[in-house]
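Visitor: Here it is: the structure, laid out below.
2 protein chains.
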Amino acid sequence: MAENIVQGLRDEIENGIVTNQYLPGERLDEAQLAKRFGVSRTPVREALMQLSAIGLIEIRARRGAVVIDPAPHRIYEMFEVMAELEGMAGSLAARRHTDTDRVELLAAHSKCERSADAEDSDTYYYDNELFHKAIYAASHSGFLIEQCSALHRRLRPYRRLQLRVRNRMKTSFNEHAAIVGAILSGEADSARTLLRQHIAIQGDRFSDLVATLAQRGADQQER
Amino acid sequence: MAENIVQGLRDEIENGIVTNQYLPGERLDEAQLAKRFGVSRTPVREALMQLSAIGLIEIRARRGAVVIDPAPHRIYEMFEVMAELEGMAGSLAARRHTDTDRVELLAAHSKCERSADAEDSDTYYYDNELFHKAIYAASHSGFLIEQCSALHRRLRPYRRLQLRVRNRMKTSFNEHAAIVGAILSGEADSARTLLRQHIAIQGDRFSDLVATLAQRGADQQER
DNA sequence: GTCAATCTTCTTGTATACAAGAATGAATTC
DNA sequence: GAATTCATTCTTGTATACAAGAAGATTGAC
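If you read the sequences in order, they're chains A and B. Residues in the first sequence are numbered from 651 upward in steps of one, following the numbering used here. Residues in the second sequence are numbered from 651 upward in steps of one, following the numbering used here.
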């Protein structure tokens, strides 16, 4: 939490939210957070406002900040948009990638292969992130890179859930292989479609997961 | 500037920026703004941070806030992304629009027709905004609506420049007509393509404009 | 006993005071 | 005369104090 206190606080609290340390619906008390991190309320407030801008918390006037509990369909919508943006990035990458981009993309792809083979979902999760970042970078659209990165980050907690699903890692890696092929051979439309599906699937999986949990919840209620 | 001081300040300063009252590169002094609006530095700081989050200004550590002067190619990139997102909205709207959506869309379209006929570019500018909002709404994707609205807002100052171009209003209206047709007849792909082009053209026009201005600048230099 | 109203307390919103770093200008030295 | 360094000043970043509104508890009335 060195250089910039506000940034540090923001990351810290954001982390707490995505790791469910602060639960959805929970109220975030400024004074409490300030005491906890050994700073005054001022930087805490600023950090909270930033989180509010990102959409992780909601600040209601004079009633404090609460952790947002996004409705499942909202998360699904976010995956839909992500799919579209990633498709766009893939399409641009196919047309614009340089030699450096190719090297980076292949390197990230190899890393994914290793972690997928090792069935190491934590490492795969990280390498997968690098892979997608490499595609963003190859699009050579600064604004698109920013938008994709922001959304990617925001969906992080939900994506993480999914690698636990059986065989998802291997399937994901195979999809990556097709995507790499399309991009490096300059097939823009194909790259777009493949990437769009690659992401959209995650939204579907998320919905399945929610449906399952909801069913379980209903079962519990019945007893 | 009633209810929420920070919100009011944000809007006020944002307005100042998009109307070139504060010029790109200009430094925004907290104390000065506080004095000007008759409040303390605290809410001014918070407003500035929000503007920074939107991307209108840049806050450099201990060196204050300056109005961002986005490079033309960055604005072009923003139009590219906007084109993609609007295309997506159009595609969803074609598949999901309700009777209410149809009524709203046609109403907005008629308004555009009237202001285009009247060659009233200020009114057209506003009606055009309603038209696009109607499409967003018809997509029935809350997150997409948010994203589109945010980007639309951010591109507002650059869009405004373009209606001055000869015949742009009439051309724009004709494009709208085709878009409405595609959406209401449920042709998702067509709606996507038409909308994408409709927006992309604005990016192109912007580039043309920049090129012209740059050329003029160069001519001035020569003298 | 329950409901409503008022008062108290707690939390947020704003102002101000204080600290620390960056920029600018002046002075000294080469 | 120019450049570099040091000091002063100005601005941002943080803390704290104060004000205002909301939530909750207590008391009184029905």
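Where a beta carbon is used, it is the ideal one built from N, C-alpha and C, also for glycine. Since the model is a prediction, treat every value here as computed from it, not as a measurement.
As a quick exercise: from A/Gly688, A/Val656 and A/Ile667, pick the residue whose alpha carbon is nearest that of A/Gly705.
Guide: A/Ile667
Visitor: Does the pairing of the stretch 825 to 845 of chain A with the stretch 740 to 749 of chain A give three or more beta-carbon distances under 8 angstroms?
Guide: Three or more Cβ pairs drawn from the stretch 825 to 845 of chain A and the stretch 740 to 749 of chain A lie within less than 8 angstroms of each other, which places the two stretches in contact.
Visitor: Strictly below 7 angstroms CB to CB, what residues from chain B border A/Gln847?
Guide: What A/Gln847 touches in chain B: nothing, since even the nearest Cβ is about 15 angstroms away.
Visitor: Look at the Cβ atom of A/Asp777, then the Cβ atom of A/Ser791, and state whether they are nearer than 8 angstroms.
Guide: For A/Asp777 and A/Ser791, no; Cβs fall outside 8 angstroms.
Visitor: So the beta strand (DSSP E) A/Arg710 belongs to, where does it begin and stop?
Guide: Ile707 to Arg710
Visitor: Please classify B/Ser760 as buried or exposed, where buried requires at least 16 other C-beta atoms within 10 Å of its C-beta.
Guide: exposed
Visitor: Do the stretch 698 to 716 of chain A and the stretch 687 to 704 of chain B touch if we need at least three Cβ pairs shorter than 8 angstroms?
Guide: Yes: at least three Cβ pairs fall under 8 angstroms.
Visitor: B/Ala757 to B/Ala733, Cα distance in whole Å?
Guide: 23 angstroms
Visitor: To the nearest angstrom, how far is the alpha carbon of A/Leu811 from that of B/Lys685?
Guide: 50 angstroms
Visitor: I'd like to know if A/Gln682 contacts chain B, where contact means its C-beta is closer than 8 angstroms to some C-beta of that chain.
Guide: By the rule that beta-carbons nearer than 8 angstroms mark a contact, A/Gln682 does not touch chain B.
Visitor: Give the list of continuous beta strand (DSSP E) stretches no shorter than 3 residues that lie fully inside the stretch 701 to 742 of chain B.
Guide: 707 to 710 and 714 to 717
Visitor: Could you confirm whether any beta carbon from chain B is found closer than 8 angstroms to the beta carbon of A/Ser822?
Guide: Answer no: the Cβ-Cβ gap between A/Ser822 and chain B never drops below 8 angstroms.
Visitor: Cα separation between A/Ser799 and A/Leu805?
Guide: 10 angstroms
Visitor: For chain B, find out if any of its Cβ atoms is closer than 8 angstroms to the Cβ of A/Val830; answer yes or no.
Guide: no
Visitor: Pair every Cβ in the stretch 815 to 832 of chain A with every Cβ in the stretch 714 to 721 of chain A, then say whether three or more of these pairs are closer than 8 angstroms.
Guide: no
Visitor: At which residues does the alpha helix (DSSP H) containing B/Asn778 begin and terminate?
Guide: Looking at the DSSP string, the run of the alpha helix (DSSP H) that includes B/Asn778 is Ser771 to Ser789.
Visitor: For the alpha helix (DSSP H) holding A/Val656, just list the boundary residues, first then last.
Guide: Where A/Val656 is concerned, the enclosing alpha helix (DSSP H) starts and stops at Ile655 to Val668.
Visitor: In three-state DSSP terms, what is A/Leu678?
Guide: DSSP places A/Leu678 in strand when its eight states are reduced to three.
Visitor: Does the CB of B/Ser791 have a neighbour CB from chain A at under 8 angstroms?
Guide: yes
Visitor: For A/Ala652, does the three-state DSSP call read helix, strand or coil?
Guide: Unreliable placement is indicated for A/Ala652, whose pLDDT of 44 sits below 50; the coordinate value is still reported in the next sentence. DSSP places A/Ala652 in the coil class of the three-state scheme, outside both helix and strand.
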